[in-house]
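In this note's numbering, the protein residues as written are 237 to 367.
This is the structure:
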């Protein structure tokens, strides 16, 4: 069994990755990370991923990274992975939205939640101070 997460170097991607590491540690399972697509695979993103992999190892979680294909939709890739036999949870990050936008998830998140072959845990970054 394993936990799967798609990582992109955004606030919601970071919180999803950290949450997936925590879930994998809690469940005593492996972690499967769908890494940044070619366009987003910057040195900074690689460094963030290295720090996350070290944190996972420190918690006793075996993590494997698979690059997301540049031409494919990340949502489709995450849904496809959710149907693989050893995946029992998918973690995704969602953006915080305005009051109106809170009624509708982003199309990628909504598609993953509705179409995934296993449970999906959606997390969002914490709320900042209001000004």
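Note that beta-carbon positions come from the ideal geometry of N, C-alpha and C, so glycine has one too.
Classify residue i as buried or exposed, calling it buried when 16 or more other Cβ atoms lie within 10 Å of its own Cβ.
{"i": "residue 330", "result": "buried"}
{"i": "residue 356", "result": "buried"}
{"i": "residue 253", "result": "buried"}
{"i": "residue 302", "result": "exposed"}
{"i": "residue 262", "result": "exposed"}
{"i": "residue 270", "result": "buried"}
{"i": "residue 211", "result": "What is shown of the chain runs 237 to 367, which leaves residue 211 out entirely."}
{"i": "residue 272", "result": "buried"}
{"i": "residue 242", "result": "buried"}
Any idea what DSSP makes of residue i, helix, strand or coil?
{"i": "residue 352", "result": "coil"}
{"i": "residue 308", "result": "coil"}
{"i": "residue 303", "result": "strand"}
{"i": "residue 285", "result": "helix"}
{"i": "residue 264", "result": "coil"}
{"i": "residue 259", "result": "helix"}
{"i": "residue 346", "result": "helix"}
{"i": "residue 249", "result": "helix"}
{"i": "residue 322", "result": "coil"}
With respect to 7 Å, is the separation between the Cβ of residue i and the closest non-hydrogen atom of the ligand MG below this value?
{"i": "residue 271", "result": "Summarising the ligand content, the structure contains no ligands, and the ligand MG is consequently not present."}
Compare the C-alpha of residue i against each of the options and name the closest.
{"i": "residue 363", "options": "240, 237, 241, 248", "result": "248"}
{"i": "residue 292", "options": "281, 314, 264", "result": "264"}
{"i": "residue 256", "options": "268, 296, 311", "result": "268"}
{"i": "residue 343", "options": "324, 245, 284, 309", "result": "309"}
{"i": "residue 244", "options": "311, 346, 354", "result": "311"}
{"i": "residue 328", "options": "287, 314, 283, 279", "result": "314"}
My understanding is that residue i touches residue j, with C-beta atoms under 8 Å, so please give their C-beta distance in whole angstroms.
{"i": "residue 352", "j": "residue 326", "result": "6 Å"}
{"i": "residue 237", "j": "residue 324", "result": "5 Å"}
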